[in-house]
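>
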Amino acid sequence: MNMVVHPDTVQVAHQYSCAAGKQGKFVDWKHAFWEKGFGAYAASGGRDKAALGEDNILKFSGEMGLDAQKLKADANSADCKRRVDEDQNELKKFRVSGTPAFFINGKHIGGGIPKQNFQQIIDEKIAIAEKSGVAGAEYYEKEIMGKGVPQFRSKRASSKP
Numbered sequence: 139m140n141m142v143v144h145p146d147t148v149q150v151a152h153q154y155s156c157a158a159g160k161q162g163k164f165v166d167w168k169h170a171f172w173e174k175g176f177g178a179y180a181a182s183g184g185r186d187k188a189a190l191g192e193d194n195i196l197k198f199s200g201e202m203g204l205d206a207q208k209l210k211a212d213a214n215s216a217d218c219k220r221r222v223d224e225d226q227n228e229l230k231k232f233r234v235s236g237t238p239a240f241f242i243n244g245k246h247i248g249g250g251i252p253k254q255n256f257q258q259i260i261d262e263k264i265a266i267a268e269k270s271g272v273a274g275a276e277y278y279e280k281e282i283m284g285k286g287v288p289q290f291r292s293k294r295a296s297s298k299p
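If you use our numbering, the sequence shown corresponds to residues 139 to 299, in order.
#1: Between residue 182 and chain D, is there a C-beta pair that is closer than 7 Å?
#2: Give a yes or no on whether the C-beta atoms belonging to residue 175 and residue 190 are separated by under 7 Å.
#3: Looking at C-alpha atoms only, which residue of 144, 173 and 205 is the closest neighbour of residue 161?
#4: Rounded to a whole number of angstroms, what is the C-alpha to C-alpha distance between residue 249 and residue 259?
#5: Report the rounded CA-to-CA distance for residue 140 versus residue 218, giving the unit in angstroms.
#6: Put residue 308 into one of helix, strand or coil per three-state DSSP.
#7: Who are the Cβ neighbours of residue 152 in its own chain at under 7 Å, not counting the five residues just before and after it?
#8: Taking just the CA atoms, how far does residue 246 sit from residue 239?
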């Protein structure tokens, strides 16, 4: 999903990732962006904003064999803009407002935490699951998703009959 942490800086990049996906090159494009877009921006200490801009994106996208004209049209289309917006709205339902974000049996963990804290949370969730009497293979569906708060259900899950 698209998690646009700094829209003024990377909104366009998210739209271009959608467009690259339409050409079957999402993963390759993502790697190129991290290296030639964000990597250059980070190396400059945040001064080289052009590295994140459309001109640079079109340059490295063309170098990797994407149809730059189609890429630009798709990136600026209502479809790719809508995709990014829908992803943002979906993440808001789950109260995800930054990265990293984790869910452990329905418990949201926002931000990085020490390994020991993860272990503690996992151990607590295992103990709850074992006490429930529900078979391990069925536990998540019955206890987490089955008893979950409806507003936090995925749009994909809520569209199922």
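Built from N, CA and C at the ideal position, the CB exists for glycine as well.
On the basis of the coordinates in this document:
#1: Judged by its chain identifiers, the structure shown contains no chain D, having just a single protein chain.
#2: In the sequence shown, residue 175 corresponds to position 37, counting from 1. In the sequence shown, residue 190 corresponds to position 52, counting from 1. A contact, by the Cβ cut-off of 7 Å.
#3: Mapped onto the sequence shown, residue 161 falls at position 23. Here the closest residue by C-alpha is 205.
#4: The residue given as residue 249 occupies position 111 in the sequence shown. The residue given as residue 259 occupies position 121 in the sequence shown. Residue 249 and residue 259: Cα-Cα distance of roughly 14 Å.
#5: Taking the first residue of the sequence shown as 1, we reach residue 140 at position 2. Taking the first residue of the sequence shown as 1, we reach residue 218 at position 80. The straight-line gap from Cα to Cα measures roughly 11 Å.
#6: An answer regarding residue 308 cannot be provided, because it is not within the stretch 139 to 299 covered by the chain.
#7: By one-based count along the sequence shown, residue 152 stands at place 14. Excluding sequence neighbours, residue 152 sits near 140, 142 and 222.
#8: In the sequence shown, residue 239 corresponds to position 101, counting from 1. In the sequence shown, residue 246 corresponds to position 108, counting from 1. Straight-line Cα distance between these residues: approximately 7 Å.
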